[in-house]
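J.: Protein chains in written order, with the numbering used here: chain D, -6 to 384; chain H, 1446 to 1660.
A single structure is presented below for examination.
Structural data, given as structure tokens:
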């Protein structure tokens, strides 16, 4: 009798089977190599960290993380994001006076309602550009995000681009208290347009600003929309945010990725640390973003350093799911050679196999003797392109 | 142009949903509630309709199997799915309330602490009692909630009322109103961004009709 637990795996986890794991590795390798082409050097950080590192994250995110204790009763957390650990690493281990271009491939852990494209353990590939506040840095991050998705084999996607200061400026202008601002942010985050109307009707905000808030979740469009919007904005912070987006967009045009970008000024991400541009990438048939990022200039202050930074992360599992749905994921591994042998010819077969392997051919060797006909069947069953039969 | 897939819930919201969509040009020939076909396509206006069980509708929209849907706010509050709520359609009004058998009525809400509550809406009931700091035992049922106190399964019920007739017939009295709900237009997160122009127009057109009728 097999014990019940032996047959199960924990909620929100999954096994990645032969073929899938290879396909995943190929996508990851393509992306990480592309990061290197753009000048980003890979790092790795511990899978778990002290809970404190993540404690100023949004309350919702902290509640969703996996926490446990070490032997001296220190609270630990399975990393629920890579940006925080990298900020810690850069602040404590690297010279933050210079520009750091960092990339990573890592498994992230978050207690999510498990469903297609959403797991409690998932794989992210991302980059952080630390030490630059210029629009050039943000444009580079955007362009690299687009390029990486293309490298992974995706073509049809949209980058929704917004700016956290745009909404922050409106909130300041409205003179809302912290609780009201929090309520409003929650509503914008969940895109609850009905809730937004209801909340606005209870707040004392001057009418033109009220009208802008009402349109906040519909502020989608191109550069023309952005420029029109700039005329109607009544505070400097929001206006500067729009100017910042214009500058980033102009550079994105030079990179040739502007065609993927659609402005979405109601975009808020589920992380409190963003201070500048924010973006999410959507693709048809996938209900969740496959990639997201933005600027977070204040995060390093928690580690005693002042350092502007920007970056993004892409969800490898979601990219794989999209590719699979479009029949573009090759999960059946194909091998070059199948080497079979007649009774007593194993030594010769080994010599031949090792020659093929030395030449870089993916080769499987039969473990039992067979005849030519049986060997041909075995070749097919093993998904090998060619048969070598040692008589 | 891509299709827009609209999920419609079986039941009391169905007829009015069809009517509303028709009035903004989303014609749905042959879409009837008891239709054997579950997916109905209108080639001319590039619309596809799917008909789902009420409680499942937000799930279809959350996953993106449907781009948009029409569903009661009561279901949204109970199911807590990650969907965008675009418009209050202002029909299908109903109320979630707490009721007790007449003879059980007590002066304060806190007097009902530690009792058993039968409901189809366990999440809403739980968060309501939590917001009052009252502990209760929630019993999830799938229908005929008013039966539970009659046979001693629970002392209280949390249920939707429209007219109040069922309550009266079963000698139950309402002791607190939890919320009022109406039908909502909801959208999938990605669809809202990727098909924004069409959806924005749909919301605008529907808003004109809904608000026009309520003036």
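All residues carry an ideal CB built from backbone N, CA and C; glycine is no exception.
1. When you compare the CB of residue 279(D) with every CB in chain H, is at least one pair closer than 8 angstroms?
2. Kindly indicate which three-state DSSP category residue 1488(H) falls into: helix, strand or coil?
3. Below 8 angstroms between beta carbons is the criterion; list the residues of the region 247 to 272 of chain D that meet it against any residue of chain H, in chain order.
4. What does residue 195(D) reach in chain H if we use C-beta pairs closer than 8 angstroms?
5. With a threshold of 7 angstroms on Cβ separation, who are the neighbours of residue 1567(H) within its own chain once the five nearest residues in sequence on each side are excluded?
6. Determine, for residue 1656(H), whether the minimum Cβ-Cβ distance to residues of chain D falls below 8 angstroms.
7. Express the C-alpha separation of residue 1506(H) and residue 1561(H) in angstroms, rounding to a whole number.
8. Of all the CB atoms in chain D, is at least one closer than 8 angstroms to the CB of residue 1541(H)?
9. In the structure shown, what three-state DSSP assignment does residue 330(D) receive?
10. Have a look at residue 218(D) and residue 229(D) and give me their C-alpha separation to the nearest angstrom.
11. Count the other CB atoms, across all protein chains shown, that sit within 10 Å of the CB of residue 1660(H); report buried if there are 16 or more and exposed otherwise.
12. What residue range is occupied by the uninterrupted beta strand (DSSP E) comprising residue 149(D)?
13. Specify the secondary structure class of residue 75(D) as computed by DSSP and reduced to three states.
14. Once you ignore the five residues that flank residue 1473(H) on each side, which residues in its own chain have a CB closer than 6 angstroms to its CB?
15. When you compare the CB positions of residue 28(D) and residue 120(D), do they come within less than 8 angstroms of one another, or not?
16. List, in chain order, every chain H residue whose beta-carbon is nearer than 7 angstroms to that of residue 211(D).
17. On the DSSP bridge assignment, give the partners of residue 1585(H) in chain order.
18. Thinking C-beta only, is residue 302(D) closer than 8 angstroms to residue 286(D)?
19. Who are the near neighbours of residue 189(D) in its chain, counting only those whose CB is closer than 6 angstroms to its CB and skipping five residues on each side?
20. For residue 156(D) and chain H, any beta-carbon pair shorter than 8 angstroms?
21. For chain A, check one thing: does any of its Cβ atoms lie closer than 8 angstroms to the Cβ of residue 233(D)?
22. Return the CA-CA distance between residue 258(D) and residue 1457(H), expressed in angstroms with no decimal places.
23. Quick one: what's got a C-beta closer than 8 angstroms to residue 87(D)'s C-beta in the same chain, skipping five residues either side?
24. Is the beta carbon of residue 1641(H) closer than 8 angstroms to that of residue 184(D)?
25. Which residues, in chain order, does the region 150 to 175 of chain D contribute to contact with chain H at a C-beta distance below 8 angstroms?
26. Can you tell me whether residue 1633(H) is buried or exposed, with buried defined as 16 or more other CB within 10 angstroms of its CB?
27. Please determine if the region 1601 to 1610 of chain H and the region 1540 to 1547 of chain H are in contact, where contact requires at least 3 C-beta pairs separated by less than 8 angstroms.
28. Taking the beta carbon of residue 63(D) as the centre, do at least 16 other beta carbons fall within 10 Å, making it buried, or is it exposed?
29. With a threshold of 6 angstroms on Cβ separation, who are the neighbours of residue 1570(H) within its own chain once the five nearest residues in sequence on each side are excluded?
30. What's the gap between the Cα of residue 361(D) and the Cα of residue 382(D)?
31. Leaving out five residues on either side along the sequence, give the residues of the same chain with a beta carbon under 8 angstroms from the beta carbon of residue 385(D).
32. So what's residue 113(D) in DSSP terms, helix, strand or just coil?
T.: Short version:
1. Numbered from 1 along the first chain, position 286 holds the residue referred to as residue 279(D). Yes, residue 279(D) counts as interfacial toward chain H.
2. For the purposes of this step, residue 1488(H) is taken as the residue at position 43 of the second chain. Residue 1488(H): coil per DSSP, three-state reduction.
3. 255, 257
4. Here residue 195(D) corresponds to residue number 202 of the first chain, with the count starting at 1. Chain H residues near residue 195(D): none, gap ~15 angstroms exceeds 8 angstroms.
5. Indexing the second chain from 1 puts residue 1567(H) at position 122. Result list for residue 1567(H): 1583, 1585, in chain order.
6. Position 211 of the second chain, counted from the first residue, corresponds to residue 1656(H). Not a single C-beta of chain D is nearer than 8 angstroms to the C-beta of residue 1656(H).
7. In the second chain, counting from the first residue as 1, residue 1561(H) sits at position 116. In the second chain, counting from the first residue as 1, residue 1506(H) sits at position 61. Cα to Cα, residue 1561(H) sits roughly 33 angstroms from residue 1506(H).
8. Taking the second chain and counting its residues from 1, one reaches residue 1541(H) at position 96. Judged by the 8 angstroms Cβ criterion, residue 1541(H) is not in contact with chain D.
9. Position 337 of the first chain, counted from the start, is the residue given in the question as residue 330(D). The answer is strand: DSSP assigns residue 330(D) an E or B state.
10. The residue you call residue 218(D) lines up with position 225 of the first chain. The residue you call residue 229(D) lines up with position 236 of the first chain. Distance between the alpha carbons of residue 218(D) and residue 229(D): 18 angstroms.
11. Along the second chain, read from residue 1 onward, the residue named residue 1660(H) stands at position 215. Residue placement at residue 1660(H) is poorly supported in this model, since its pLDDT is 49, which falls under 50; the coordinates are not used for a value here.
12. Locating residue 149(D) in the first chain gives position 156, where the first residue counts as 1. Note, residue 149(D): premise wrong, no beta strand (DSSP E); not H, not E.
13. Against the first chain, residue 75(D) aligns to sequence position 82. Three-state result, residue 75(D): coil.
14. Walking along the second chain from the start, residue 1473(H) turns up at place 28. If we look at residue 1473(H) and ignore the five residues flanking it on each side, its Cβ neighbours are 1463, 1494.
15. Taking the first residue of the first chain as position 1, residue 28(D) is located at position 35. Taking the first residue of the first chain as position 1, residue 120(D) is located at position 127. Taking 8 angstroms as the Cβ cut-off, residue 28(D) and residue 120(D) qualify as a contacting pair.
16. Numbered from its first residue, the first chain carries residue 211(D) at position 218. For residue 211(D), the residues of chain H that pass the 7 angstroms Cβ criterion are 1645, in the order they occur in the chain.
17. Taking the second chain and counting its residues from 1, one reaches residue 1585(H) at position 140. Partner(s): 1564(H).
18. Start at 1 with the first residue of the first chain, and residue 286(D) comes out as number 293. Start at 1 with the first residue of the first chain, and residue 302(D) comes out as number 309. No, the Cβ-Cβ distance between residue 286(D) and residue 302(D) is not below 8 angstroms.
19. As a position in the first chain, residue 189(D) is number 196, starting the count at 1. Closer than 6 angstroms at Cβ, skipping near neighbours: 180.
20. In the first chain, the residue the question calls residue 156(D) occupies position 163. Answer no: the Cβ-Cβ gap between residue 156(D) and chain H never drops below 8 angstroms.
21. Although the question refers to chain A, the structure presented lacks it and instead comprises the protein chains D and H.
22. Residue numbering aside, residue 258(D) sits at position 265 when the first chain is read from its first letter. Residue numbering aside, residue 1457(H) sits at position 12 when the second chain is read from its first letter. Straight-line Cα distance between these residues: approximately 37 angstroms.
23. Here the question's residue 87(D) lines up with position 94 in the first chain. Excluding sequence neighbours, residue 87(D) sits near 93.
24. Within the first chain, numbered from 1, the residue matching residue 184(D) stands at position 191. Within the second chain, numbered from 1, the residue matching residue 1641(H) stands at position 196. No. Outside cutoff.
25. 151, 153
26. Along the second chain, read from residue 1 onward, the residue named residue 1633(H) stands at position 188. Per the 10 Å Cβ criterion, buried.
27. yes
28. Numbered from 1 along the first chain, position 70 holds the residue referred to as residue 63(D). Counting Cβ neighbours within 10 Å, residue 63(D) comes out exposed, since fewer than 16 surround it.
29. For the purposes of this step, residue 1570(H) is taken as residue 125 along the second chain, with counting starting at 1. Setting aside the 5 residues that flank it on each side, residue 1570(H) is surrounded in the same chain by 1562, 1564, 1583, 1603, each with a C-beta closer than 6 angstroms to its C-beta; the list follows chain order.
30. Position 368 of the first chain holds residue 361(D). Position 389 of the first chain holds residue 382(D). If you take the alpha carbons of residue 361(D) and residue 382(D), they lie about 12 angstroms apart.
31. Residue 385(D) lies beyond the stretch modelled for chain D, which goes from -6 to 384, so this question has no answer here.
32. As a working note, residue 113(D) is residue 120 in the first chain. Coil, per DSSP.
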